[in-house]
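For the sequence shown, my numbering assigns the number 215 to the initial residue and increments by one for each residue that follows.
Single-structure report; data block below.
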Amino acid sequence: MNKLVWVLDSTLREGEQTPGVYFDRHIKLAIAKMLDEIGINIIETGHPAVTEEIYDAVNKIAHSGLKTHVGAHARSNNRDVEMAIECGVDFVGIFYCVSDDRLSSVFKKELDDAIEQITQVIKYTKQMKPDVLIRYTPEDTVRSEFSNVIKAASAACAAGADIISVADTTGYMVPGTDRSMYDYIKKLKTELNNMGHFPKIAVHCHNDRGLALANALDAYRAGAEIIDASVLGLGERAGIVDLAQILTALTLDYGVNQWDLKKLPELYKFVSDHSGVPIPANLPVVGDHAFTHCAGVHTHAAAVNPMHYESLNPELVGRTRTFALDHMSGIASLKYALQILELTDIPEDVQMEILKVVKSVGQKGKTVELSELKHIVDFYKNKRSYKA
């Protein structure tokens, strides 16, 4: 499978809905430039109506000469859209929920009245800027009545929407069940196509059950053309699809070669530093341990041929392979580390003494880095000389 797909990064919008996360305007611009260098297709830069600072940041990014589409978020009202267009964006995401329960209990509206509001705002947006890309999202799409979603989505398309986004707002979908994102996207596309509408289909998958990435890939296989993601999966509650993971999967497993994956580590470190959210050591692709071999059997085999215990070449994502020495290490691990340090003249009995020290350090919950190993070797070499 190698069909067109765009990735929309929402670090600057959804990401700021992470408790305690806020990016200063100059930091937002720097993140946007990094995303542009990677080749991200759409950068959702914020909701200009929320604060003056967000408005200024969206405006600055939109006028910074990026190659990508720069987008803004907007409620289904004219003023939100006006502020987005004033900022100079070429993508506007408009959202409005159409579930019977929310309409009756929150908005106090009938479905037809809600659709009238949605379509009026979409038409108004196109009048203001005819070439702007418009995405309409029925918030909490997958838990809304499907007939309501189809009615609203078809009306939105007729009014000028270019993209219909399926929002799994609560991380509700589960692959292989009657809540399958694959089945949902297939059904949605078929229904809309049969009505003469052919919008791009986007998905916005939350990670409440830890299934956001699986659901996003299910959606892609079913024909979705846009996938939302964020750096570190930042977002409401458990967040959304992690950017590095979706880019890597689409590139290596689905043959979509359009992003520079080697720039991901720099981006993640920058976002982590300025969000205050640490990168988990075991996070795929960018975590400290993602390409670190530890157990003796693993290290021995990986030293001979890394593919014995790797399915992803670290160089493709700007990383390097490492080997950790701790209580799980065997003599093969130590010998490999000594080779890296070009210490090939260490007697076997001294190596066994060094290995004991390494295991002892590991039992304290630590690892021995190569820089420390060199000092351990020096100590035991000197100790042998002193005894002699």
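We put the beta carbon where it would ideally sit given N, CA and C, even for glycine.
Here the alpha carbons of residue 231 and residue 254 stand approximately 21 Å from one another. Membership of residue 222 in the beta strand (DSSP E) is indicated by the continuous run 220-223. If you draw a straight line from the Cα of residue 350 to the Cα of residue 413, it is about 10 Å long.
The C-alpha of residue 457 lies about 46 Å from the C-alpha of residue 559. Scanning the stretch 347-408 from its first residue to its last, the whole beta strand (DSSP E) runs of 3-plus residues come out as 347-351 and 377-382.
For residue 484, the uninterrupted alpha helix (DSSP H) run begins and ends at 478-489, by DSSP. Contact annotation: residue 367 and residue 336 have beta-carbon atoms that are not nearer than 8 Å.
Under the rule that a run must span 4 or more residues, the alpha helix (DSSP H) segments found entirely inside the stretch 413-478 read 426-436 and 457-466. Between the stretch 550-570 and the stretch 526-535 there are fewer than three C-beta pairs closer than 8 Å, too few to call the two in contact. When the five nearest sequence neighbours on each side are left out, the beta carbons in the same chain lying within less than 7 Å of the beta carbon of residue 370 are those of 332, 333, 336, 350 and 378, in order along the chain. Relative to residue 507, the option among 461, 534 and 585 whose CA is nearest is 534. A straight line joining the alpha-carbon of residue 277 with that of residue 302 spans about 7 Å.
Here the stretch 274-289 does not lie against the stretch 356-367, with fewer than 3 beta-carbon pairs under 8 Å apart. Put simply, the backbone Cα of residue 298 is about 54 Å away from that of residue 586. Counted as a single uninterrupted DSSP element, the beta strand (DSSP E) harbouring residue 258 occupies residues 256-258.
By the neighbour-count criterion, in which 16 or more other beta carbons inside 10 Å mark a residue as buried, residue 225 falls on the buried side. In the DSSP assignment, residue 288 forms a beta bridge with 308.
When the beta-carbon positions are compared, residue 593 and residue 244 stay at least 8 Å from each other. Residues 312, 314, 317, 362, 365 and 366 of the same chain have their beta carbon placed closer than 8 Å to that of residue 325, with the five preceding and five following residues left out of the count. One Cα belongs to residue 477, the other to residue 447, and the distance between them is close to 17 Å. Looking at the backbone, the Cα of residue 539 and that of residue 550 are separated by about 10 Å. Between residue 415 and residue 403 a beta carbon distance of about 6 Å is seen, short of the 8 Å cut, so the two are scored as contacting.
Separation of the CB atoms of residue 258 and residue 449 is rounded to 11 Å, and the pair is thereby denied contact status at 8 Å. Per DSSP, reduced to three states, the secondary structure at residue 261 is coil, with no helix or strand assignment.
Residue 500 is bridged by DSSP to nothing; it lacks a bridge partner. Between the alpha carbons of residue 411 and residue 373 lies a gap of roughly 11 Å.
If you compare the alpha carbons of 486, 497 and 390 with that of residue 460, the shortest gap goes to 497.
Taking residue 588 as the centre and dropping the five residues before and after it, the same chain places the C-beta of 555 closer than 7 Å to its C-beta, in chain order. Scanning its chain for C-beta atoms nearer than 6 Å, with the 5 sequence neighbours on each side dropped, one finds around residue 242 the residues 226 and 271, in chain order.
Measuring C-alpha to C-alpha distances from residue 391 to each of 405, 234 and 428 identifies 428 as the nearest.
Here the alpha carbons of residue 573 and residue 223 stand approximately 43 Å from one another. In the DSSP annotation of this structure, the continuous segment of the alpha helix (DSSP H) that includes residue 239 starts and ends at 239-252. Secondary structure of residue 557 (DSSP, three-state): coil. Cβ-Cβ distances below 7 Å link residue 268 to 260, 261 and 262 in the same chain, with the five nearest sequence neighbours on each side left out; the list follows chain order. For residue 537, the secondary structure class from DSSP, reduced to helix, strand or coil, is strand. Going by beta carbons, residue 295 and residue 236 fall outside the 8 Å limit.
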